[in-house]
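Residue 474 in this note's numbering is what sits at position 2 of the sequence shown, and the numbering runs on without skipping anything. To start, the structure under review is shown below, and the notes come after it.
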Amino acid sequence: MILIFFLTQDTRYFVVKSFNSENVTQAQEEAKDVWATQEKNEELFAEAFHNTRNVILIFSVNKSAAFQGYARMESAPGTAQTPSWAKTLLWKSSGPFRIKWITIAETRFNRVSHLRNALNEDQPVLIGRDGQEIEEDCGAALCDIMDQEADRMHS
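So, in structure tokens, the structure goes:
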């Protein structure tokens, strides 16, 4: 819908898992446009950012059985001010980076369970660890479904 053509040109997609909904909500509302990931993902996200036109992060809160939306990476890790929520993390995080939210819409896993991720042994896209890359066509289809869900919520 909104950015389908844009998102299908030189784009990589990644699952971003959050330990709680508060961090995602704050990133969407209070600390808009800033995120930090687990330290183990920093190099992967930095490489993708520097070598790909569009890096799309698809957010899912652990145990929510849903995706909460998706955002485009706007800067490399370590280039943004640390958001207040990241200061309370109990694990080592990457340097914070800027993101731009494209769609915020809770999309239940049952809406996307038919999508298979070739980069994760062809498992359903809803199965993936934090930082799991999603194959391009699957990622674009997932974003399209989230866009449809957002349209449905706002109509």
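Glycine residues also receive a C-beta, built at the ideal position from the N, C-alpha and C atoms.
Here the stretch 581 to 588 makes contact with the stretch 601 to 617; the two share three or more CB pairs at distances below 8 Å. Counted as a single uninterrupted DSSP element, the alpha helix (DSSP H) harbouring L614 occupies residues E608 to M625. The three-state reading of DSSP puts N592 in helix, counting H, G and I together. Distance from A508 to P568 at the Cβ level is roughly 4 Å; contact confirmed, criterion being Cβ atoms closer than 8 Å. In the displayed model, R601 falls within coil according to three-state DSSP, outside both helix and strand. In this model, D623 and G541 are separated by some 13 Å (Cα to Cα).
One alpha carbon belongs to T483, the other to N523, and they sit about 10 Å apart. One thing to note: F539 has its Cβ no nearer than 8 Å to the Cβ of S547.
Here S566 is buried. Its C-beta has 16 or more other C-beta atoms within 10 Å. Residue pairing for T483: DSSP places it in a beta bridge opposite N526. Membership of Q553 in any alpha helix (DSSP H) is not indicated, and neither H nor E is assigned to it by DSSP. Separation of the CB atoms of L516 and G600 is rounded to 13 Å, and the pair is thereby denied contact status at 8 Å.
Bridge pairing for A538: R580 [DSSP]. Collapsing the DSSP output to three states places F491 in coil.
Cβ-Cβ distances below 7 Å link V496 to S490, F531, V533 and Q540 in the same chain, with the five nearest sequence neighbours on each side left out; the list follows chain order.
In this structure, DSSP gives K504 a state outside helix and strand, which the three-state scheme calls coil.
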